[in-house]
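Just so we're aligned: 69 in numbering that gives the first Met the number 0 is position 70 of the sequence shown, and the numbers increase by one with no gaps anywhere. Idealized CB from N, CA, C, for every residue including glycine. Source: prediction; values computed, not measured.
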Amino acid sequence: MRARNVRLLGLAAAVFISSATLAQTTPPASGPVKITLDDAIQMALQHNHNLLAQRTVVPQNQAEEITANLRPNPVLQGDAQFLPIFQPDKFSADYINTTAQFDVGLSYLFERGRKRQHRLQAARDVTEQSRFTVIDNERSLIFLVASQYIDVQVAESTIDLAAQDLKSFQNTVDISESRYKAGDISEVDFLKIKIQLLQFQTDMSQAQLAKVQALASLRQSLGYESVPADYDVASAFEYVPVTMKLEDLQAKALADRPDLRAARQGVTAANSQYELQKAIGKVDPTGTAVYSHTSDASSASFFGNVQIPIFNRNQGEILKSKYAITQANELARAAGDQVMTDVMNAYEGVRTNDQIVTLYRSGYLKEAQDSRDISEYAYKRGAASLLDFLDAERSYRATELAYRQALASYLTAVEQLREAVGTRNLP
0 MRARNVRLLG LAAAVFISSA TLAQTTPPAS GPVKITLDDA IQMALQHNHN
50 LLAQRTVVPQ NQAEEITANL RPNPVLQGDA QFLPIFQPDK FSADYINTTA
100 QFDVGLSYLF ERGRKRQHRL QAARDVTEQS RFTVIDNERS LIFLVASQYI
150 DVQVAESTID LAAQDLKSFQ NTVDISESRY KAGDISEVDF LKIKIQLLQF
200 QTDMSQAQLA KVQALASLRQ SLGYESVPAD YDVASAFEYV PVTMKLEDLQ
250 AKALADRPDL RAARQGVTAA NSQYELQKAI GKVDPTGTAV YSHTSDASSA
300 SFFGNVQIPI FNRNQGEILK SKYAITQANE LARAAGDQVM TDVMNAYEGV
350 RTNDQIVTLY RSGYLKEAQD SRDISEYAYK RGAASLLDFL DAERSYRATE
400 LAYRQALASY LTAVEQLREA VGTRNLP
């Protein structure tokens, strides 16, 4: 009996220790992964497949630099003459030594006009331009991610509003049902109230759908593998005032915006291409050294040849590249004008949307809520008509939804201004 009790105590202790160990090793349950806007931007820059594909252009162009810097290969040539192929009886070592002829030569093309250096410089300029183009693609992707992130925030805020309205109006429906059963209101008024509940339920469903779709679009930009399927956003959907000067923004954009820098680099690349075409117009001589063994004698021969540039001096490509410089300069000026216009439009967009948001926050939101609350209080106590209450409810809901759209437009305008300037750190 005593031994049996000891075994039971040992088994209980083992179970207790195993449970404690499992509790320590099992991670606590956690909710969905939540990411901030900065997190989303970093994920997109690291995992967006379109951007990753565009980034390969830079190493491709660097590989072109290797090709551009290569020298011409020497040419090895040789021949054997006067071999008695059709008179094999004469084929002997003495005949080969005294009668047959053997030649081995090496030729090389000597590039003039620093062609290799100009090719390399032209390739490097194209690589540098491609770098700025990739950075500009990053700029566009950041704006896309920020806009999609704001879409998710709007949907979440709308869901919160719809949930609050649905809960509040459901309470009104319950009270109205009690009043209807008590004979305080007619069946028609009760049905109007009940039908109005459908609008709030619809708002909730539409907001939930909008959030699902916004999260899916954002996930595509981030790269599907970068976040789990049940991820969510973490940044608060709130108004943050932005103060800046237009002149500072334009100066910053003219200095840093990558598409403008790419256009300016295009001018440098066009000039390099012009110098390369002029170098190509210079003819290259070919030198050849030949060792010959003929009739028991060895000799060396040296040859040289060069084209006479009477007709083809690469005139067409030189003229074409010269016009390309003019084209690149005009494109750079156009890019500068586009930068100034983009910053101006984005700046005015922020100012206008800021004014609209400020109007809502100055009192209209509170007034709409107070009107709804007063009408609801009065209606529940029979001091206001059903139409007045429903009208106040619709006005409140419309005002809240309009404010959220205005706030989203303002936040999007700020992101558009960041894109127009070319940096997230506004001056």
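Asked                                                                                                        : Found
Whole-angstrom distance between Y238 and A419, CA atom to CA atom                                            : 21 Å
Proximity test, I134 beta-carbon vs the ligand GDP heavy atom, cut-off 6 Å                                   : Of the ligands one can find in the structure shown there are none, so the ligand GDP has no counterpart to examine.
Presumed contact (8 Å Cβ cut-off) between L364 and T325, rounded CB distance                                 : The Cβ separation is near 57 Å, so there is no contact.
Pairwise C-alpha distance: T66 and A262                                                                      : 25 Å
The region 280-290 contacting the region 150-170, beta-carbon criterion three pairs below 8 Å                : no
Proximity below 7 Å, CB of A432 to CB of Q272                                                                : Within the shown structure, residues of the chain are numbered from 0 to 426, placing residue 432 beyond reach of any answer.
A215 and I34 closer than 7 Å at C-beta                                                                       : no
When P240, R256, D255, I317 are compared against N270, the one with the closest alpha-carbon                 : I317
Cβ shell of L143 (< 7 Å), same chain only, five flanking positions each side left out                        : S220
Best match in A405, N424, A383 for proximity to I184 [C-alpha to C-alpha]                                    : A383
Span of the beta strand (DSSP E) around S291                                                                 : 285-293
With 16 other Cβ atoms within 10 Å as the buried cut-off, status of Y376                                     : exposed
Limits of the beta strand (DSSP E) - the one that S216 falls within                                          : That residue, S216, is in no beta strand (DSSP E); its alpha helix (DSSP H) goes 186-221.
Sequence-distant residues of the same chain with beta carbon closer than 7 Å to V133, five excluded per side : Q53, R54, V56, V57
DSSP-derived helix/strand/coil call for Y107                                                                 : strand
Check whether V172 and I192 have beta carbons under 7 Å apart                                                : yes
Where V125 falls: helix, strand or coil (DSSP)                                                               : helix
Three-state class that DSSP yields for A299 in the structure shown                                           : strand
Between the CA atoms of A43 and A252 - distance to the nearest angstrom                                      : 23 Å
Own chain, CB closer than 8 Å to G222, minus 5 neighbours either side, in chain order                        : M42, A43, Q45, H46, N47, H48
Three or more C-beta pairs below 8 Å linking the region 350-357 and the region 398-411                       : yes
For N344, the three-state DSSP class (helix, strand or coil)                                                 : helix
Assigned exposure category for Q152 - 16 Cβ within 10 Å defines buried                                       : buried
Supposed contact pair A99 and A79 - C-beta distance, whole angstroms, cut 8 Å                                : 7 Å
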